[in-house]
Amino acid sequence: MSVTETVRNADLIVIDGRVLTMDTAQPSAEAVAIKDGLIAAVGDTATVEAWRGPDTRVIDARGGSVVPGFIEAHMHLFSGAAELAHLQLAGVHGFEALRDAVQAYARSRPDMGMLVAQGADYTILGSERVTRHHLDVILPDRPFLMAAPDHHTMWANTKALEAAGILHGRVLGAGNEIVMGADGLAEGELRENEAFNPVLKLAGEGRVRLGLSTGGEPDPMPSTEERAGDRAIMRRGLDWCARHGITSIQNMDGNYYQLELLSEVEAEGDLICRVKVPFHYKNFMTLDMLDKASDMAERYDSEWLSSSMVKLFYDGVLDSWTAVMIEPYADRLDWVGEPLFSPEEFKRIAVEIDRRGLQIAVHSIGDGAVRAVLDGYEAARDANGTRDSRHRVEHIELTTATDIPRFVGLGVIASMQPPHPPGGMSFPLEPTVSRIGRTRWPYAYPTRTLIEAGAHVVFASDWPVAPIDPILGMQAAMLRKPWADDMPDQSVTLQQALAGYTVEGAYAEFMEDKKGQLKTGFFGDLVVLSADIEATPLEALHEVRPVTTICGGKVTYQAR
Numbered sequence: 106m107s108v109t110e111t112v113r114n115a116d117l118i119v120i121d122g123r124v125l126t127m128d129t130a131q132p133s134a135e136a137v138a139i140k141d142g143l144i145a146a147v148g149d150t151a152t153v154e155a156w157r158g159p160d161t162r163v164i165d166a167r168g169g170s171v172v173p174g175f176i177e178a179h180m181h182l183f184s185g186a187a188e189l190a191h192l193q194l195a196g197v198h199g200f201e202a203l204r205d206a207v208q209a210y211a212r213s214r215p216d217m218g219m220l221v222a223q224g225a226d227y228t229i230l231g232s233e234r235v236t237r238h239h240l241d242v243i244l245p246d247r248p249f250l251m252a253a254p255d256h257h258t259m260w261a262n263t264k265a266l267e268a269a270g271i272l273h274g275r276v277l278g279a280g281n282e283i284v285m286g287a288d289g290l291a292e293g294e295l296r297e298n299e300a301f302n303p304v305l306k307l308a309g310e311g312r313v314r315l316g317l318s319t320g321g322e323p324d325p326m327p328s329t330e331e332r333a334g335d336r337a338i339m340r341r342g343l344d345w346c347a348r349h350g351i352t353s354i355q356n357m358d359g360n361y362y363q364l365e366l367l368s369e370v371e372a373e374g375d376l377i378c379r380v381k382v383p384f385h386y387k388n389f390m391t392l393d394m395l396d397k398a399s400d401m402a403e404r405y406d407s408e409w410l411s412s413s414m415v416k417l418f419y420d421g422v423l424d425s426w427t428a429v430m431i432e433p434y435a436d437r438l439d440w441v442g443e444p445l446f447s448p449e450e451f452k453r454i455a456v457e458i459d460r461r462g463l464q465i466a467v468h469s470i471g472d473g474a475v476r477a478v479l480d481g482y483e484a485a486r487d488a489n490g491t492r493d494s495r496h497r498v499e500h501i502e503l504t505t506a507t508d509i510p511r512f513v514g515l516g517v518i519a520s521m522q523p524p525h526p527p528g529g530m531s532f533p534l535e536p537t538v539s540r541i542g543r544t545r546w547p548y549a550y551p552t553r554t555l556i557e558a559g560a561h562v563v564f565a566s567d568w569p570v571a572p573i574d575p576i577l578g579m580q581a582a583m584l585r586k587p588w589a590d591d592m593p594d595q596s597v598t599l600q601q602a603l604a605g606y607t608v609e610g611a612y613a614e615f616m617e618d619k620k621g622q623l624k625t626g627f628f629g630d631l632v633v634l635s636a637d638i639e640a641t642p643l644e645a646l647h648e649v650r651p652v653t654t655i656c657g658g659k660v661t662y663q664a665r
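If you're matching positions, the sequence shown starts at 106 in the working numbering and goes up one per residue.
If you want it as structure tokens, here you go:
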């Protein structure tokens with residue numbers, strides 16, 4: 106065998122596929138070759154077969170679609186992985202069903218001191234709002250906490266409130282609330298992090314939420330055994346991502362500890378997804394804390410593990426009236442929500458982050474929050490000059506006709522979650538649509554409106570808020586129906602949906618020249634699917650599953 110032939114031997118080839126490259130110069134192909142972690146060839150079977158050597162691994166796609174590895178542009182890896190072990194209440198409705206699920210879970214874990222559940226709809230008891238008294242009837246003698254899917258509201262029973270020391274309330278910062286009853290005691294509903302973090306700490310999972318709740322580091326630092334346990338949680342999350350075809354993660358909470366854990370996982374050869382971890386700037390911090398963000402960006406800057414982004418929350422969510430609106434809520438006419446930062450304060454922060462050359466991503470649900478964040482990005486541009494900053498607005502569940510074109514004018518990325526619109530994949534219509542009010546529906550979750558305006562729109566799940574599955578997200582984006590016949594159609598095409606999870610995700614992290622497409626020289630990140638998604642009826646798309654996930658030329662998931 107000649108030296109030339111040896112060089113051309115691929116490590117892995119995928120054949121007999123319906124390859125959707127997302128490369129406009131070569132949109133489709135039959136096969137892909139990968140060598141040394143990069144795509145060596147994309148083309149017809151004969152072209153790629155020329156790369157086969159005696160040690161080349163061959164994966165037969167059997168006519169299924171082959172697409173770039175999915176890029177999950179907004180998720181919470183550490184806490185999501187931990188929550189896989191919690192009671193899952195998605196789809197549970199009615200008091201009896203809730204009682205049976207919680208009691209069965211409690212019986213299966215007799216030695217667990219604190220029980221936690223996830224995914225409880227705001228309407229889990231119909232029109233009746235959950236209180237500690239409901240939960241006390243279900244579980245009177247053990248601390249119990251259950252979270253809404255959005256993770257912005259949680260409900261605790263009396264035992265949990267007592268153990269956390271908040272049954273009689275507590276002074277909290279702006280945008281957080283322990284809902285109090287007429288008897289002067291907490292009703293059990295806890296809105297936002299400061300309210301429910303004292304209860305969550307009882308579950309012994311404080312470290313998994315630090316990147317979300319405080320942006321700080323463990324204190325005290327965990328023992329060797331505890332750290333190994335945390336790495337195991339990270340591996341569980343990475344495996345869950347690979348199982349769903351995800352090869353890149355843009356995490357939306359972070360601290361040094363997460364980066365250190367992932368670096369240790371990488372050293373052990375188990376970092377099977379590329380991960381970006383931001384610094385989380387909280388409203389109790391001062392601008393000098395951004396030195397930490399700059400340091401994280403400098404120390405972690407590889408193709409597998411990076412930082413260079415600052416995440417903030419400007420508001421909460423619609424269902425608990427914590428999202429910030431321009432005009433009052435339709436069902437609460439004296440209230441527009443309370444921002445976590447004042448508009449002027451956010452401008453100062455945005456200017457400083459931008460001055461450091463870092464990317465900004467801000468949770469902004471209400472139209473008031475979206476406008477304030479865009480104002481902050483405009484202030485940063487005016488102060489520091491125009492640059493390719495690609496700052497992001499996360500969620501955009503409500504905006505205005507005035508602010509839609511500003512995404513394009515300011516070069517801002519619209520980060521949206523197809524599972525989130527009520528009445529679609531994950532969430533019921535109520536109470537959200539009534540909170541928004543019919544007059545504002547045309548600019549609620551405005552996915553197609555933003556795409557047609559020319560904005561870069563990137564898709565994600567916000568896992569564990571919604572199921573992580575990108576295929577389900579694509580289906581939700583394409584099947585979305587207006588809430589009324591006279592409302593705009595916000596559904597997207599298959600090509601747009603796939604772009605949201607591939608090329609747009611790559612663009613969002615300044616990596617459009619390395620991933621998001623199946624193209625020679627790009628990362629060897631791809632997914633082989635169980636069927637041809639172009640030939641699959643849209644209503645059956647959820648039946649299509651990842652068969653093989655490949656990241657950096659290595660198989661990270663293989664269906665049995």
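Virtual Cβ for every residue (Gly too), placed ideally from N, Cα, C. Because the structure is a prediction, the values reported are computed rather than measured.
Checklist entry - F200: which of T607, L192, H239 sits nearest, CA to CA? => result Cα-wise, what sits closest to F200 is H239.
Item to check | Cβ distance (whole Å) where A477 is taken to contact F451 below 8 Å | outcome: Rounded, the Cβ-Cβ distance is 6 Å, consistent with contact.
Next on the checklist: Is M339 near the ligand HEM - that is, is its Cβ less than 8 Å away from at least one heavy atom of it?
Outcome noted: The ligand content of the structure shown is nil, which means the ligand HEM is not present either.
Checklist entry - If Q595 sits next to T661, beta carbons under 8 Å apart, how far is it from one beta carbon to the other, in whole angstroms? => result Not a contact, Cβ separation roughly 33 Å.
Checklist entry - With a Cβ-Cβ cutoff of 9 Å, do F183 and N356 count as a contact? => result yes
Checklist entry - CA-CA distance, S635 and A558? => result 34 Å
Checklist entry - Is DSSP giving T661 helix, strand or coil here? => result If DSSP states are grouped into helix, strand and coil, T661 belongs with the strands.
Item to check | Alpha carbon of L305 to alpha carbon of G168, nearest angstrom | outcome: 47 Å
Item to check | Among D255, P303, P593, D508, nearest to L266 - alpha-carbon criterion | outcome: P303
Item to check | Proximal residues to G278 (C-beta, below 6 Å), its chain only, five neighbours per side dropped | outcome: E299
Checklist entry - I think V726 touches V633, with their Cβ atoms under 8 Å apart; what is that distance to the nearest whole Å? => result In the structure as shown, the chain starts at 106 and stops at 665, and residue 726 therefore has no counterpart that could be examined.
Checklist entry - By Cβ distance, which residues of its chain are closer than 8 Å to A589, with the 5 residues on each side in sequence left out? => result Within the same chain, A589 has close Cβ partners R543, W546.
Item to check | M106 classed as buried or exposed, judged by whether at least 16 other C-beta atoms fall within 10 angstroms | outcome: Only weak support is given to the placement of M106: the predicted model assigns it a pLDDT of 41, under 50, and the value that follows is read from those uncertain coordinates. Counting Cβ neighbours within 10 Å, M106 comes out exposed, since fewer than 16 surround it.
Checklist entry - How would you call D255, buried or exposed, if buried means at least 16 neighbouring beta carbons within 10 angstroms? => result buried
Next on the checklist: If you measure between the beta carbons of A611 and K620, is that distance less than 9 Å?
Outcome noted: yes
Checklist entry - Are at least three pairs of beta-carbons, each pair with one atom in the stretch 205-224 and one in the stretch 281-292, less than 8 Å apart? => result No, the stretch 205-224 does not touch the stretch 281-292.
Next on the checklist: Helix, strand or coil, according to DSSP, for S353 in the structure here?
Outcome noted: Look at S353 here: in three-state DSSP terms it is strand.
Next on the checklist: By the three-class DSSP mapping on this structure, what secondary structure does F384 have?
Outcome noted: F384 falls in the strand class under three-state DSSP.
Item to check | beta strand (DSSP E) segment containing I518, residue limits | outcome: 518-521
Item to check | Simplified DSSP state of E110, which is helix, strand or coil | outcome: For E110, the predicted structure reports a pLDDT of 46, less than 50, and the residue's modelled location is therefore unreliable. A value from the coordinates is still provided. E110: helix per DSSP, three-state reduction.
Checklist entry - For A134, which beta-bridge partners are listed by DSSP? => result V124
Item to check | Backbone secondary structure at F512 - three-state DSSP | outcome: helix
Checklist entry - Touching or not, the stretch 482-494 and the stretch 438-445, by the rule of three or more beta carbon pairs under 8 Å? => result no
Checklist entry - Applying the criterion that 16 or more other CB atoms from any shown protein chain within 10 Å of the CB defines a buried residue, is M326 buried or exposed? => result exposed
Item to check | Inter-residue CB distance, P248 and L194 (contact presumed, cutoff 8 Å) | outcome: Actually they do not touch by this definition, with Cβ atoms about 17 Å apart.
Next on the checklist: On the DSSP letters alone, give me the boundaries of the beta strand (DSSP E) that P593 sits inside.
Outcome noted: Where P593 is concerned, there is no enclosing beta strand (DSSP E), given that its DSSP letter is neither H nor E.
Next on the checklist: With three or more C-beta pairs closer than 8 Å as the rule, is the stretch 398-410 touching the stretch 363-372?
Outcome noted: Enough Cβ pairs lie closer than 8 Å, so yes.
Next on the checklist: For V119 and I164, which I take to be in contact (beta-carbon distance under 8 Å), what is that distance rounded to the nearest angstrom?
Outcome noted: 5 Å
Item to check | Own chain, CB closer than 6 Å to E110, minus 5 neighbours either side, in chain order | outcome: Residue confidence for E110 is low, a pLDDT of 46 falling below 50, so the modelled location carries little weight; the figure read from the coordinates is stated next. Result list for E110: empty, nothing under 6 Å.
Item to check | Contact set for Y386: own chain, Cβ-Cβ below 8 Å, skip 5 residues either direction | outcome: Within the same chain, and ignoring the five residues on either side of Y386 in sequence, the residues whose Cβ sits closer than 8 Å to its Cβ are G320, M394, L395, A398, V415, K416, L417, I454, I458.
Item to check | Chain-order list of residues whose beta-carbon lies under 8 Å from that of E322 (same chain, five-residue window excluded) | outcome: Excluding residues within five positions, the ones whose Cβ falls inside 8 Å are L315, N360, Y361, Y362.
Item to check | Buried versus exposed, by CB contacts within 10 Å (16 or more), L250 | outcome: buried
Next on the checklist: Excluding the 5 residues flanking T161 on each side, which residues of the same chain have their C-beta closer than 7 Å to its C-beta?
Outcome noted: N114, A115, D116, L117, I118
Next on the checklist: Between the alpha carbons of R340 and G334, how many angstroms are there, rounded?
Outcome noted: Taking C-alpha positions only, R340 is separated from G334 by approximately 10 Å.
Next on the checklist: Counting C-beta neighbours from all protein chains within 10 Å, is the total for E264 16 or more, i.e. buried, or is it exposed?
Outcome noted: The identity of residue 264 in the sequence shown is Lys, whereas the question assumes Glu. Counting Cβ neighbours within 10 Å, K264 comes out buried, since at least 16 surround it.
Next on the checklist: My assumption, with CB atoms under 8 Å, is that A474 sits in contact with D508. Please give the rounded CB distance.
Outcome noted: The C-beta distance from A474 to D508 rounds to 11 Å, too long to fall under 8 Å, and the pair is not in contact.
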